[in-house]
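Undergrad: Numbering of the sequence shown is given in the working numbering, commencing with residue 37 and proceeding in unit increments. I have a structure here, written as structure tokens, and I will follow up with some questions on it.
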Amino acid sequence: MISSKLSKMLYGGDYNPEQWDKSVWPEDMRMIRLAGMDIATVNVFSWAMLQPNDETYDFSTLDEIMDMLHANGIYACLATSTGAHPAWMARKYPEILRTDFEGRKRKFGGRHNSCPNSLVYRTYSTKLADKIAERYKNHPALLLWHISNEYGGECYCDNCAAAFRGWLRNKYGTLDKLNEQWNTKFWGHTFYDWEEIVPPNMLSEQWSSRHTCFQGISLDYTRFNSDSMLDCYKLEYAELKKHTPDIPVTTNLMGAYKPLDYFKWAKHMDIVSWDNYPSADTPFSYTAMMHDLMRGLKDGQPFLLMEQTPSQQNWQPYNSLKRPGVMSLWSYQAVAHGADSVMFFQLRRSVGACEKYHGALIEHVGHEHTRVFRECAQLGGELVQLGDKLLDSRVSAKVGIIFDWDNWWAIEYSSGPTIALKYTDEVHNYYDALHQQNIAVDMVGLDADFSQYDVLIAPVLYMVKPGVAERLEQFTANGGTFITTFFSGIVNENDIVTLGGYPGELRKLLGIWVEEIDALFPNQTNRIIMKDAAGSLAGEYECSLLCDLLHSEGAEVFAEYGEDFYQGMPALTRNRFGQGDAWYVASSPEPSFLQGLLGQICADRGIPPIIPPKAGIETTRRTKDGQSYVFVLNHNADAQTIELGSVTGTELLTESKAEGQIVIAGRGVLIIEEK
Ligand code: GLA
Ligand code: ZN
């Protein structure tokens, strides 16, 4: 729960009045209120204004902004401003500047530009957070803290190198252990002194951001970099909590953002928030998966949609307008998946620099008579109408899909078997197959309580960290259905191969032995031929990317390969294990195969679709205090007639009865309060 003060979903967004002449502020307030908004994220990039030099802090403008928000009944999501350091600081203390992947020491410029291991940066950012919290701790507008902004990137400077050695000592204890776990006898890389270890970048072990001579060091550096930034966040967090233990703290995440292990981060966040910037051609099920991932970071607690654009971006190659209805549809998609806010970047479109063509509530024309404003105001009215009904409600799912940053990094640092293997794509294939069938999914980390699920899917579980195999065995033995894929069970947490046959620690659970792994060229496919027992899945399907050549060691073979020298070898197996079963999908199949397989497994386990599936229609269910709400979202541009199946109740936006067959407008949304 964000705050017990709230009586509706938060609605608003990033607001940068300090970049404007004060004469426009009253107009801003009028229009923000006219749009039905009640929250503004302020002070995101104001460090240079707040601290003009080493000794001076000047909060006069921020005071005015906070007071103005309060006077207008608008809450502040108050940022700490540490996402971009002032120019004077960079000049005076060059150590705060990052060194990039190519090994170049950066000069002042851009943002998200501070070295996370610079003591100067840590000291000044912590001090600023302390001063802001001290000053505004009792301010009536303060609802939420927003630390820094979109933490990200990497640094490879000497400070980071030194801190990395400390991090490694802590992890491995001895150089012997490190040498063993990085397999440094390969190419004669044995280290005799910690000081010999340098960050892996283009000057050392890597020849691209994806290719490294040593997976061990690259993997550890990625973890270290994520931890370093998290440490910066935690330092500021402690300052804020010192003054305001009850005000929730967040930082805006970015969905499946590769450099940071958000499952680790979320443990230190009071509420998850994230910035959703799909492109017009992003599959809507991918956006859905991102929302579910953000919800999964904190065990299903509601999250905040911190940013999205009301109309267009500026930083994509082609920044198309959101078509009429799309902004509203995508806002409700976030809510449908567990968001308790709808917020934008930004409220007033900037006049200069690189975001002047980024959409905003208030466009350059400066008044409210625009399509974008009208659509925002309409949504604002609807969120008022919905009141607190959906606030703090939960999405519940019987299917969990495992998402793991360590696996993602390790899979993509691997040299071989194929450059085409992209972790998020494989995870999305499984997610999409369920999403198409209106079956709810939780995206979960490896720490999750698996026992809450009937079906647990781990696409490409390449790395098996300590204890994971046992927990998966336990889940399955207790009656769960476990599904995993090709290229799983290969390495330990440091990318050292588990010897004795793939899939290593998962071999017993899966009842198979993978002897070889074939990589297919981009246009090459094989076929998965279902055997007789396969019921509704009967037939043939294409597969591509990788093909595991495997032998059953007790697992039942459901399908075989149709081509090549491994024609007739198993392509889909199921192993009975205790009360449950464990499936192995040996290649990357076409979508209809996964829809069939997962649909059948869910049907067998008594997990029905929320409503009967139809192309372009998305459904979710949120529940609170025993009352459930079904969201139906029409991603098609034209109206559709849909079957509500067993769902009946009152549609909240139109206050009309919803049951049986119903027409949903193009890009329309139904929110049905179930009977
Ligand atoms: C990010 C940032 C914002 C803004 C938007 C533009 O999400 O957090 O400051 O730059 O992108 O899309
Ligand atoms: Zn650094």
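Beta carbons: idealized from backbone N, C-alpha and C, even for Gly. Note that this is a predicted model, so its numbers are computed, not measured.
#1: When you compare the CB positions of Leu706 and Val668, do they come within less than 8 Å of one another, or not?
#2: If you drop the 5 nearest sequence neighbours on each side, which residues of the same chain put their C-beta closer than 7 Å to that of Ala370?
#3: Which of the three DSSP states, helix, strand or coil, is assigned to Asp428?
#4: CB-CB under 6 Å to Glu529, same chain, minus the five flanking residues each way: which ones, in chain order?
#5: Taking a contact to mean a Cβ-Cβ separation below 8 Å, would you say Val80 touches Ile101 in this structure?
#6: So is Cys390 buried or exposed if we call it buried at 16+ other beta carbons inside 10 Å?
#7: Quick one: what does DSSP say Pro281 is sitting in, helix, strand or coil?
#8: Within its chain, find whatever has a CB closer than 6 Å to the CB of His106; leave out the 5 residues flanking it on each side and keep chain order.
#9: With a floor of 3 residues, list each beta strand (DSSP E) that falls wholly inside the segment 85-144, ordered by position along the chain.
#10: Since Ile110 and Ala76 are thought to touch, with beta carbons under 8 Å apart, how far apart are those beta carbons, to the nearest angstrom?
#11: If you measure from the CB of Cys113, is any heavy atom of ligand 2 nearer than 7 Å?
#12: What would DSSP say about Lys660, mapped onto helix, strand or coil?
#13: Taking all protein chains shown into account, decide if Trp351 is buried (16 or more other Cβ within 10 angstroms of its Cβ) or exposed.
#14: Would you call the segment 150-169 in contact with the segment 269-280, where contact means no fewer than 3 C-beta pairs closer than 8 Å?
#15: Whole angstroms is fine: what's the gap from Ile233's alpha carbon to Asp442's?
#16: Can you grab the Cα-Cα spacing for the pair Met85 / Ile653, in whole Å?
#17: Let me have the residue list for ligand 2: C-beta closer than 7 Å to any non-hydrogen atom, ordered along the chain.
#18: Could you have a look at Gly616 and say whether DSSP puts it in helix, strand or coil?
#19: If I follow the unbroken alpha helix (DSSP H) through Ala469, where does it start and stop?
#20: For Val527, count the other beta carbons within 10 Å of its own beta carbon; 16 or more makes it buried, fewer makes it exposed. Which is it?
#21: So the beta strand (DSSP E) Asn528 belongs to, where does it begin and stop?
#22: What is the rounded straight-line gap between the Cα of Ala484 and the Cα of Ser184?
#23: Can you list, in chain order, the residues of its chain with a C-beta nearer than 8 Å to that of Asp424? Leave out the 5 residues immediately preceding and following it.
#24: Less than 8 Å between the beta carbons of Pro236 and Tyr257, yes or no?
#25: Who does Gln242 pair with in a DSSP beta bridge?
#26: Closer than 7 Å by C-beta to Ala675: which residues in its own chain qualify, once you throw out the five before and the five after it? Chain order, please.
#27: Can you tell me which residues form a DSSP beta bridge with Lys693?
#28: Grouping DSSP H, G and I as helix and E and B as strand, with all else coil, what is Tyr157?
#29: Rounded to the nearest angstrom, what separates Leu545 and Ser315 at their Cα positions?
#30: Would you tell me roughly how many angstroms separate the C-alpha atoms of Gly72 and Ser309, rounded to the nearest one?
#31: So, under 8 Å CB-CB, Arg657 and Ala476 are touching, yes? Tell me the CB distance rounded to an integer number of Å.
#32: If you measure from the CB of Phe381, is any heavy atom of ligand 1 nearer than 7 Å?
#33: Count the C-beta pairs between the segment 436-450 and the segment 289-302 that are closer than 8 Å, then say yes if the count reaches three, no if not.
#34: Does Pro558 pass the burial test, meaning 16 or more other C-beta atoms within 10 Å, or should it be called exposed?
#35: What beta strand (DSSP E) runs, 3 residues minimum, are completely inside the segment 519-571?
#36: Alpha carbon to alpha carbon, how far is Ala513 from Phe613?
TA: Once the coordinates are examined:
#1: Here residue 706 refers to the residue found at position 670 of the sequence shown. Here residue 668 refers to the residue found at position 632 of the sequence shown. Note that the C-beta distance between Leu706 and Val668 is below 8 Å.
#2: Within the sequence shown, residue 370 is the residue found at index 334, counting from 1. Cβ neighbours of Ala370 beyond the five flanking positions: Asn312, His327, Leu341, Val378.
#3: What you label residue 428 is simply residue 392 of the sequence shown in a count that begins at 1. The DSSP-derived three-state label of Asp428 is coil.
#4: Residue numbering aside, residue 529 sits at position 493 when the sequence shown is read from its first letter. Within the same chain, Glu529 has close Cβ partners Lys501.
#5: Position 44 of the sequence shown, counted from the start, is the residue given in the question as residue 80. Position 65 of the sequence shown, counted from the start, is the residue given in the question as residue 101. Pairing Val80 with Ile101 gives a Cβ-Cβ distance that is not under 8 Å.
#6: Here residue 390 refers to the residue found at position 354 of the sequence shown. Flag for Cys390 reads exposed.
#7: Position 245 of the sequence shown holds residue 281. Residue state for Pro281 is assigned as coil, using DSSP reduced to three classes.
#8: Residue mapping note: residue 106 aligns to position 70 of the sequence shown, counting from 1. For His106, same chain residues with a beta-carbon under 6 Å away, outside a window of 5 residues either side, are Pro176, Ala177 in chain order.
#9: Here the runs fully enclosed are 111-115.
#10: On the sequence shown, residue 110 is found 74 positions in, with the first residue counted as 1. On the sequence shown, residue 76 is found 40 positions in, with the first residue counted as 1. The pair is a contact, with the Cβ atoms about 5 Å apart (cut-off 8 Å).
#11: As a first step, residue 113 is located in the sequence shown; it is residue number 77 there, counting from the start. Distances taken from the Cβ of Cys113 to the heavy atoms of ligand 2 include none shorter than 7 Å.
#12: The residue given as residue 660 occupies position 624 in the sequence shown. Shown here, Lys660 sits in a strand according to DSSP, grouped into three states.
#13: Residue numbering aside, residue 351 sits at position 315 when the sequence shown is read from its first letter. By the Cβ-count criterion, Trp351 is exposed, with fewer than 16 other Cβ atoms from all chains shown falling within 10 Å of its own Cβ.
#14: Yes, they touch.
#15: Against the sequence shown, residue 233 aligns to sequence position 197. Against the sequence shown, residue 442 aligns to sequence position 406. A direct Cα-Cα distance of roughly 21 Å separates Ile233 from Asp442.
#16: The residue labelled residue 85 in the question sits at position 49 within the sequence shown. The residue labelled residue 653 in the question sits at position 617 within the sequence shown. Between Met85 and Ile653, the C-alpha separation is close to 47 Å.
#17: Residues with their Cβ less than 7 Å from any non-hydrogen atom of ligand 2, running along the chain, are Arg134, Thr135, Cys151, Pro152, Asn153, Ser154, Cys191, Tyr192, Cys193, Asn195, Cys196.
#18: Position 580 of the sequence shown, counting from 1, holds the residue named residue 616. In the structure shown, Gly616 sits in a strand (DSSP, three-state: E or B).
#19: The count along the sequence shown starts at 1 and reaches residue 469 at position 433. For Ala469, the uninterrupted alpha helix (DSSP H) segment begins and ends at 459-471.
#20: If you number the sequence shown from 1, residue 527 lands on position 491. With 16 or more neighbouring CB atoms inside 10 Å of its own CB, Val527 falls in the buried class.
#21: Position 492 of the sequence shown, counting from 1, holds the residue named residue 528. Asn528 -> no beta strand (DSSP E), and no H or E assigned at all.
#22: As a working mapping, residue 484 is identified with position 448 in the sequence shown. As a working mapping, residue 184 is identified with position 148 in the sequence shown. Near 28 Å, if we compare the C-alpha coordinates of Ser184 and Ala484.
#23: Here the question's residue 424 lines up with position 388 in the sequence shown. Around Asp424: Leu42, Ser43, Lys44.
#24: Residue mapping note: residue 236 aligns to position 200 of the sequence shown, counting from 1. Residue mapping note: residue 257 aligns to position 221 of the sequence shown, counting from 1. Cβ atoms of Pro236 and Tyr257: closer than 8 Å.
#25: Translated into the one-based positions of the sequence shown, residue 242 becomes position 206. According to DSSP, Gln242 bridges with Thr248.
#26: Looking up residue 675 in the sequence shown gives position 639. Val699, Ile700, Ala701, Gly702, listed in sequence order.
#27: As a working mapping, residue 693 is identified with position 657 in the sequence shown. For Lys693, which the question treats as bridged, DSSP gives the partners Thr686.
#28: Working through the sequence shown from its first residue, we reach residue 157 at position 121. In the structure shown, the three-state DSSP call for Tyr157 is helix.
#29: As a working note, residue 545 is residue 509 in the sequence shown. As a working note, residue 315 is residue 279 in the sequence shown. So the two alpha carbons sit approximately 40 Å from each other.
#30: By one-based count along the sequence shown, residue 72 stands at place 36. By one-based count along the sequence shown, residue 309 stands at place 273. The alpha-carbon atoms of Gly72 and Ser309 are separated by roughly 21 Å.
#31: Stepping through the sequence shown from its first residue, residue 657 is reached at position 621. Stepping through the sequence shown from its first residue, residue 476 is reached at position 440. With a Cβ gap of about 7 Å, Arg657 and Ala476 count as contacting.
#32: In the sequence shown, residue 381 corresponds to position 345, counting from 1. Correct: Phe381 has its Cβ closer than 7 Å to ligand 1.
#33: In short, these stretches touch, since the Cβ pair count reaches three.
#34: What you label residue 558 is simply residue 522 of the sequence shown in a count that begins at 1. By the 10 Å Cβ count, Pro558 comes out exposed.
#35: For the segment 519-571, whole beta strand (DSSP E) runs of length 3 or above, ordered along the chain, are 548-555, 562-566.
#36: For the purposes of this step, residue 513 is taken as residue 477 along the sequence shown, with counting starting at 1. For the purposes of this step, residue 613 is taken as residue 577 along the sequence shown, with counting starting at 1. Phe613 has its alpha-carbon roughly 5 Å from the corresponding atom of Ala513.
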